[in-house]
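In our numbering, the protein residues as written are 412 to 810.
Shown next as structure tokens:
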């Protein structure tokens, strides 16, 4: 084991959230060490799609929060040292059930009032823009500033920018223990040495509960599996990324009409994202199967069938591979971004399907916490205290 070292903050987790936290801490002048037990973008961040979205939040405080998080990607493309395949073509929310039209129209009006760039197409307008769309699709609510990125390249860019600003990057490093003094973090023990620090950020996604348990901290996160099918290269299939309104229902675990039993059982809902390589990423599903990341044939069939409902031309498109990953799910489907009752210990995890989308704003918020700044917006709904599983958290900046 090497000799002890020091850091102003230690971030544990090298996915989108952890690298973003390290990036913004380093940008703000904090001496930060970033620890990843594997390689960067090794876990969920390499087994997901790269949507930067506002379509999946109803008008309200979290909608505004997501909007600010999205805007930061337009800024980040100017300073990150890696091309992270930023595609700002917008994302369309497709409606195939008349029972959902009024809700979608209400969201359209609500989002406009919050300053979103949104447009609503009827069936004819949608057909003009997407000739391959299925005949049963009724409307599309377009979120014109929603975009896509390559998650792995994003992580690399964030880590590299952190390093350029003085951060220490430690991959293939396991955290084995934490040391506390008078109720405050004093060091992180790893298999490569001990790091003396006054601040630790648990940003390890689905692995965060294990780290929390080492500190006596209850972090209520469960793994929730998703699948992605990758198609062969094909031109002219679709002009941008689309998702069905039923995706929002599946995310919330709600019962849906007009889907097969397997689609309902596996939480299958349509998502399609064209990549810069010419392939298409087709998803998705939501199911609780522990840490299993093996693709399931029945799930793949249900996803493929659902995809053909929205874009029938997918029936003639070959699949080249499929992969599965697990998302960090919290009981109320909102992330945990907050200090804790342990001095200097913060949690940034539980973003489920919005980890890529909310990575940058999460990183900036944690940096603000550690630097003693109080956020302008109310973040209490993302505080770990809301679950009531731990003693009340210390105020921001408390010693």
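The beta-carbon is built from N, C-alpha and C at its ideal position, and this holds for glycine as well.
- Assignment of alpha helix (DSSP H) within the segment 685–737, counting only whole runs of 4 or more residues, yields 708–721 in chain order.
- Out of 786, 475 and 779, the CA that lies nearest to the CA of residue 528 is found in 475.
- About 14 Å separates the beta carbons of residue 445 and residue 622, which is beyond the 8 Å limit, so they are not a contact pair.
- The alpha helix (DSSP H) runs lying completely inside the segment 550–637 and spanning 4 residues or more are 562–575 and 619–625, given in chain order.
- Assigned with DSSP and collapsed to three states, residue 503 falls in strand.
- Using a Cβ distance threshold of 7 Å, residue 637 and residue 696 count as a contacting pair.
- A distance of 7 Å or more separates the beta carbons of residue 795 and residue 610.
- If you draw a straight line from the Cα of residue 757 to the Cα of residue 614, it is about 9 Å long.
- Its chain contains 426, 427, 562 and 566 as the residues whose beta carbon lies nearer than 6 Å to that of residue 456, once the 5 sequence neighbours on both sides are disregarded; these appear in chain order.
- Ranked by Cα distance from residue 495, the options 502, 480, 585 and 559 are led by 559.
- For a cut-off of 8 Å, the C-beta gap from residue 652 to residue 706 is around 21 Å, too long to register as a contact.
- Residue burial is scored here from C-beta neighbours: residue 539 has fewer than 16 other C-beta atoms within 10 angstroms and is therefore classed as exposed.
- In the structure shown, residue 795 falls within a helical segment according to DSSP collapsed to helix, strand and coil.
- Bounds of the alpha helix (DSSP H) holding residue 513 are 512–524.
- As DSSP reads the structure, residue 645 sits in no beta bridge.
- Between residue 738 and residue 635, the CB-CB gap stays under 7 Å.
- Judged by pairs of C-beta atoms under 8 Å, the segment 530–545 does not touch the segment 415–424, as fewer than three such pairs exist.
- Judged by beta-carbon spacing, residue 772 lies beyond the 7 Å limit of residue 760, meaning their Cβ atoms are not closer than that value.
- DSSP places residue 534 in the helix class (H, G or I) of the three-state scheme.
- Less than 7 Å divides the Cβ of residue 643 from the Cβ of residue 731.
- A straight line joining the alpha-carbon of residue 564 with that of residue 694 spans about 21 Å.
- The Cβ atoms of residue 459 and residue 503 do not sit closer than 7 Å to each other.
- Per DSSP, the unbroken beta strand (DSSP E) holding residue 750 starts and ends at 747–750.
- Burial of residue 518 is indicated by the presence of at least 16 other C-beta atoms within 10 angstroms of its C-beta.
- Rounded to the nearest angstrom, the gap between the Cα atoms of residue 765 and residue 462 is 8 Å.
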